[in-house]
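Below is one structure; the comments refer to it alone.
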Amino acid sequence: MDFESQPPQTESTSLDRRRFMATAGLALALPGLAGARVLAVDRDDRQHLSLWYDQAAGPWVEALPVGNGRLGAMVFGRVAQERVQLNIDTLFGGGPYDPDSPAALEALPRVRALIDEGRYHEASELAGATLMGRPMAQMPYGSAGDLFIETRGLTAPTAFTRWLDLDSALAVTRFAEGGVRHRREVFCSEPDQVLVIGLDARGGRLDLDIGYRHSTKDVAFGAKADATGAVALVGAPWDEREPLREDQRPDTLVIGEDAADALLIQGRNIADAGIASALRYAVRVKVVGDGRVSIKGDRIEVRDGGTVTLLVAMATSFVNPSDVSADPVAEVRRRTEAAASVSRAELKARHVKAHQASFRRMSIRLGQGAADPRPTNERIVAAGTGLQPELAALYVQYARYLLLGSSRPGSEPANLQGRWNEGNYPPWGGKYTININTEMNYWPAGPANLGECVEPLLR
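The number in my numbering is simply the position in the sequence shown, starting from 1, with 19 added.
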């Protein structure tokens, strides 16, 4: 593993008619895409392409996102108990339903007559009661829960830093404990369709307890403001721990051993607005490494490991809006076993190559200075009192990174949350608001040379 790197200092698919038309549309709309050139990135560029922090994330909004279009995760960078929150692009509430109102056809002439008579309030009331869809809401976008990784035996960690490398799409956390140097690296692979969590301890060994927490409604989406109303990074202490809420688990959640080295989580989505729960989801965590692995009920124990890799696959039973008959368990088993057949280094190389093939098509540098040595949150605060063109350039690249992470060919389109959402009821439902918000998600695609990201929207 690369302990020396510093913070800032596919699977083939058949080409069906619909996919061909979407691809052809991209070629017409963005004729430069086919000849797009992948730019080289030097060390100075990499320093300009990182978000970094000297404390772990407290609330969800301070965690670092990784995604491959279909899957997403938020990495908190906590020391004693790491939290990795999970998302799947098709995990919405409810199930297939017909939104048409059966009373609409019969009521329409009466609504028109009331309008002709100038009885607008009555017309509005009748239209609302008979013509509108049922329910008058989209299903909310949910979360696939959280993984918690407890590192036992820590007492006084030092030299903490965490960062998100936009150029390689890696979320990294690093700290020291005595003479042991800990490094954690998280990425969401598009070629292999798994979330990869690597944990390494140079000069020591790892004792890990890995558990799962289901998604709930009671989450806090925003950062906290101080007495003046200013918002700053809300960090977490090194020994921050959150409960797994075992006593609140729904009856539909099943967690257990799937192999000597794998934990399988099976659950259902939520019902909403009168639409019954119909979607099943599965998360499988497979452990690869040099430690002793055992499944203890609803947890994984790893003992005496030096290098540990968690391969996380996620899937739902979604096929299309009218069909939720897919087998998510079979898919997550297939994905994790396939990923386990190659090394973490190879998984990382595939991931980075695929990401950079798109991300490196555009470069932007504003300002004349060297990379700013301050943590990103301090740079944001300073931007309120002075011009920071370098931060603006980072902001542009972060927008490109988020679009790549939430919308890839074959995935669902980016919703109001992109691909990342903490609970079962996100702001505005995490839905597709097509009067402007969906369009805004995709504004950068053409100008920022990420035309293929539009494919899910056109499919």
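No residue lacks a Cβ here, since even glycine has one placed at the ideal position from N, Cα and C.
Cα-Cα separation, S31 to P428: As a first step, residue 31 must be located in the sequence shown, where it is residue number 12. As a first step, residue 428 must be located in the sequence shown, where it is residue number 409. Caution applies to S31, whose pLDDT of 36 falls short of 50 and renders its modelled position unreliable; the model cannot decide the point.
Unbroken alpha helix (DSSP H) run spanning I399, endpoints: The residue given as residue 399 occupies position 380 in the sequence shown. That run of the alpha helix (DSSP H) goes 395-401.
Would DSSP call A467 helix, strand or coil? On the sequence shown, position 448 is the one that residue 467 refers to. Note: A467 maps to coil in three-state DSSP.
What does the alpha-carbon distance come out to for the pair L410 and R398? Here the question's residue 410 lines up with position 391 in the sequence shown. Here the question's residue 398 lines up with position 379 in the sequence shown. Straight-line Cα distance between these residues: approximately 7 Å.
I think R203 touches V191, with their Cβ atoms under 8 Å apart; what is that distance to the nearest whole Å? Position 184 of the sequence shown, counted from the start, is the residue given in the question as residue 203. Position 172 of the sequence shown, counted from the start, is the residue given in the question as residue 191. The pair is a contact, with the Cβ atoms about 7 Å apart (cut-off 8 Å).
Buried versus exposed, by CB contacts within 10 Å (16 or more), I383: Here the question's residue 383 lines up with position 364 in the sequence shown. Result: exposed.
Where do the N-terminal and C-terminal ends of the alpha helix (DSSP H) with M459 fall, by residue? On the sequence shown, position 440 is the one that residue 459 refers to. From DSSP, the alpha helix (DSSP H) with M459 extends over 456-461.
Can at least three beta-carbon pairs, one atom from the stretch 131-151 and one from the stretch 217-237, be found at a separation below 8 Å? no
Between the stretch 79-86 and the stretch 152-169, do three or more beta carbon pairs fall short of 8 Å? no
Throw me the rounded Cβ distance for the G86 and W462 pair, which I believe falls under 8 Å. Locating residue 86 in the sequence shown gives position 67, counting from the first residue. Locating residue 462 in the sequence shown gives position 443, counting from the first residue. So it is not a contact: roughly 19 Å between Cβ atoms.
Short of 8 Å in beta carbon distance, which residues of its chain neighbour P364, apart from the five on each side in sequence? Order them along the chain. Along the sequence shown, one-based indexing puts residue 364 at 345. Reading off the sequence, residue 364 comes out as Ala, not Pro. Taken in chain order, the list of residues that qualify is empty.
If you draw a straight line from the alpha carbon of A195 to that of A76, how long is it in whole angstroms? As a working note, residue 195 is residue 176 in the sequence shown. As a working note, residue 76 is residue 57 in the sequence shown. If you take the alpha carbons of A195 and A76, they lie about 18 Å apart.
Take the Cβ of R171 as the centre, count every other Cβ of all protein chains shown within 10 Å, and call the residue buried at 16 or more, exposed below. For the purposes of this step, residue 171 is taken as the residue at position 152 of the sequence shown. Exposed, since its Cβ has fewer than 16 Cβ neighbours within 10 Å.
Hey, how far is the Cα of G405 from the Cα of L214? To locate residue 405, count along the sequence shown from 1; it is residue 386. To locate residue 214, count along the sequence shown from 1; it is residue 195. Cα to Cα, the separation comes out at about 39 Å.
DSSP state of Q285 mapped onto helix, strand, coil: Position 266 of the sequence shown, counted from the first residue, corresponds to residue 285. Three-state DSSP puts Q285 in a strand.
Decide if the stretch 322-337 is in contact with the stretch 284-300; the criterion is three or more beta carbon pairs, one per stretch, under 8 Å apart. yes
Would you say T457 touches the ligand FMN, meaning its beta carbon is less than 7 Å from a heavy atom? The ligand FMN is absent from the structure shown, which contains no ligand whatsoever.
Output needed for A146: all residues of its chain with C-beta closer than 7 Å, excluding positions within five of it in sequence on either side, in chain order. As a first step, residue 146 must be located in the sequence shown, where it is residue number 127. For A146, where only same-chain residues beyond five positions count, the Cβ hits under 7 Å are V130.
May I ask which residues mark the beginning and end of the alpha helix (DSSP H) holding D135? The residue given as residue 135 occupies position 116 in the sequence shown. Segment 123-135, the alpha helix (DSSP H) holding D135.
Is the Cβ-Cβ distance between Q100 and F179 less than 8 Å? On the sequence shown, position 81 is the one that residue 100 refers to. On the sequence shown, position 160 is the one that residue 179 refers to. No. Outside cutoff.
Which of helix, strand or coil DSSP assigns to M93: Residue numbering aside, residue 93 sits at position 74 when the sequence shown is read from its first letter. Three-state DSSP puts M93 in a strand.
Can you tell me whether G137 is buried or exposed, with buried defined as 16 or more other CB within 10 angstroms of its CB? Counting from one through the sequence shown, the residue named residue 137 turns up at place 118. Looking at its Cβ environment, which holds fewer than 16 other Cβ atoms inside 10 Å, G137 is exposed.
Taking Cβ positions, are G449 and A156 nearer each other than 8 Å? Position 430 of the sequence shown, counted from the start, is the residue given in the question as residue 449. Position 137 of the sequence shown, counted from the start, is the residue given in the question as residue 156. Not closer than 8 Å, so no.
Just to confirm my understanding: we take E517, look at its own chain, exclude 5 residues before and 5 after, and list those with CB closer than 8 Å. What are they? Nothing about residue 517 can be reported from this structure: the residues present for the chain run from 20 to 478 only.
Looking only at C-alpha atoms, which of A373, S69, A142, T457 sits nearest to Q212? Residue numbering aside, residue 212 sits at position 193 when the sequence shown is read from its first letter. Checking every option, the nearest Cα to that of Q212 belongs to A373.
Counting along the chain, where does the alpha helix (DSSP H) carrying F337 start and finish? Along the sequence shown, one-based indexing puts residue 337 at 318. It is not in any alpha helix (DSSP H) - F337 carries neither H nor E in the DSSP assignment.
Please identify the residue among Q285, G254, E259 whose C-alpha is closest to the C-alpha of P269. One-based indexing of the sequence shown puts residue 269 at position 250. With distances taken between Cα atoms, P269 lies closest to Q285.
So the beta strand (DSSP E) Q104 belongs to, where does it begin and stop? Taking the first residue of the sequence shown as position 1, residue 104 is located at position 85. 100-107 is the extent of the beta strand (DSSP E) around Q104.
C-alpha distance - A357 paired with V307, whole-angstrom precision: On the sequence shown, position 338 is the one that residue 357 refers to. On the sequence shown, position 288 is the one that residue 307 refers to. If I take the Cα positions, the gap works out to 12 Å.
Can you tell me where the beta strand (DSSP E) with P118 in it begins and where it stops? Translated into positions along the sequence shown, residue 118 becomes position 99. P118 -> no beta strand (DSSP E), and no H or E assigned at all.
Hey, could you find the ends of the beta strand (DSSP E) P432 is sitting in? As a first step, residue 432 must be located in the sequence shown, where it is residue number 413. Counting along the chain, P432 falls outside any beta strand (DSSP E), and DSSP gives it neither H nor E.
Would you report the Cα separation of P347 and A376, rounded to the nearest angstrom? To locate residue 347, count along the sequence shown from 1; it is residue 328. To locate residue 376, count along the sequence shown from 1; it is residue 357. For P347 and A376, the distance between alpha carbons rounds to 29 Å.
Under 8 Å, with one C-beta from each stretch per pair, do the stretch 339-346 and the stretch 307-323 reach the 3-pair mark? no
What number of angstroms, rounded off, separates the C-alpha of S430 from the C-alpha of R354? For this step, residue 430 is matched to residue 411 along the sequence shown. For this step, residue 354 is matched to residue 335 along the sequence shown. S430 and R354: Cα-Cα distance of roughly 16 Å.
How is Y451 classed by DSSP in three states: helix, strand or coil? In the sequence shown, residue 451 corresponds to position 432, counting from 1. Reduced to three states, the DSSP call for Y451 is coil.
Length of the line joining the Cα atoms of C472 and L422: To locate residue 472, count along the sequence shown from 1; it is residue 453. To locate residue 422, count along the sequence shown from 1; it is residue 403. Cα-Cα distance, rounded: 7 Å.
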